[in-house]
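Notes for the one structure printed next.
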Amino acid sequence: MRKPLIAGNWKMYKTSDQAVKLTAGIKAALKGFEGVDVVLCPPFTVLSTVYNIISDIDIQLGAQDLYWEKEGAFTGEISPIMLKDCGCEFVISGHSERRKYFSETNEIINKKVKAALDVGLKPICCVGETLEEREAGKTIDVIKTQLTGCLAGFEIGDALNLIIAYEPVWAIGTGKNATAAQAQEVHKFIRTWIAENFSQGVANSLRILYGGSVKPANIKELMNEEDVDGALVGGASLEASSFVEIVKNSI
Ligand code: 13P
3 MRKPLIAGNW
13 KMYKTSDQAV
23 KLTAGIKAAL
33 KGFEGVDVVL
43 CPPFTVLSTV
53 YNIISDIDIQ
63 LGAQDLYWEK
73 EGAFTGEISP
83 IMLKDCGCEF
93 VISGHSERRK
103 YFSETNEIIN
113 KKVKAALDVG
123 LKPICCVGET
133 LEEREAGKTI
143 DVIKTQLTGC
153 LAGFEIGDAL
163 NLIIAYEPVW
173 AIGTGKNATA
183 AQAQEVHKFI
193 RTWIAENFSQ
203 GVANSLRILY
213 GGSVKPANIK
223 ELMNEEDVDG
233 ALVGGASLEA
243 SSFVEIVKNS
253 I
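Rendered as structure tokens:
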């Protein structure tokens, strides 16, 4: 049985005052709530601020990105150890916005996922096709290429700590989510690919999140699908009320 996981990706939103307010709202509303792993992924600047609020409750911290070196002269970058130091347990890697605006390739994402695993962070590795690719019937090929590149050289032990997020690019921030059936088709493919490339045991325990216009109104339907184990939520994670409703509606 895979425990549902709902992660909020705040992207480049929230100053410290705003982050405190949002986190406190989520904490108050989820006090005593069980059965779902909840992860907040705020910007780097408020990681410690958020951690100080959630450290005494069962809500985990995640970062939105990392660099693969442990330390060094890499101006502007943040290492996996620094993320652990701020209280992170999770880190998003390969988000489509990083692929699109910062030219991240599968090779770069591979290094980041590996670096995260090396220090005991749980990477949430994102894959997903563009609208053009979907319309050309290339969705499964694109996902396969991304999985092959991002997870190259990994062992079964690595895969046990991995989370995959399927985020169709055309569904991100558009208000147009993938249907439950569209999500299930890709999630099932991902699980089968993991079984073939790692093991059936890893595939059975690996959590696959859906991301792209997840809202309180559509989470139930998505979660009803056999291979949808949670969600990576963007816009709706920026308000405590909508994020909490998504968490509560996910089981
Ligand atoms: P939205 O929920 O705003 O569509 O964003 C999804 C996303 O990119 C989460 O990482």
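Our numbering numbers the first residue of the sequence shown as 3 and each following residue consecutively.
For glycine and all other residues, C-beta sits at the position ideal for the given N, C-alpha and C.
The closest heavy atom of the ligand 13P lies 6 Å or more from the beta carbon of residue 24. Look at residue 235: its beta carbon is less than 6 Å from one of the heavy atoms in the ligand 13P.
If you check the CB distance, residue 180 and residue 170 come in under 7 Å.
According to the DSSP assignment, residue 50 belongs to the alpha helix (DSSP H) that extends over 49 to 56. Classified as buried, residue 64 has 16 or more neighbouring CB atoms from the shown chains inside 10 Å of its CB. Residue 203 and residue 68 have their alpha carbons spaced roughly 28 Å apart.
Membership of residue 166 in the beta strand (DSSP E) is indicated by the continuous run 165 to 168. With fewer than 16 other beta carbons inside 10 angstroms of its own, residue 4 counts as exposed. When beta bridges are read from the DSSP output, residue 209 appears opposite 165. Spatial neighbours of residue 76 in its own chain (CB-CB distance under 7 Å, excluding positions within 5 residues in sequence) are listed in chain order as 69. Membership of residue 66 in any alpha helix (DSSP H) is not indicated, and neither H nor E is assigned to it by DSSP. For residue 246, the enclosing alpha helix (DSSP H) covers residues 242 to 251. The Cβ atoms of residue 55 and residue 232 do not sit closer than 7 Å to each other.
For residue 113 against residue 165, the beta-carbon gap comes to about 18 Å, at or over 8 Å, which does not count as contact.
When only Cα atoms are considered, residue 106 and residue 149 end up about 14 Å apart. In the DSSP assignment, residue 232 forms a beta bridge with 7, 211.
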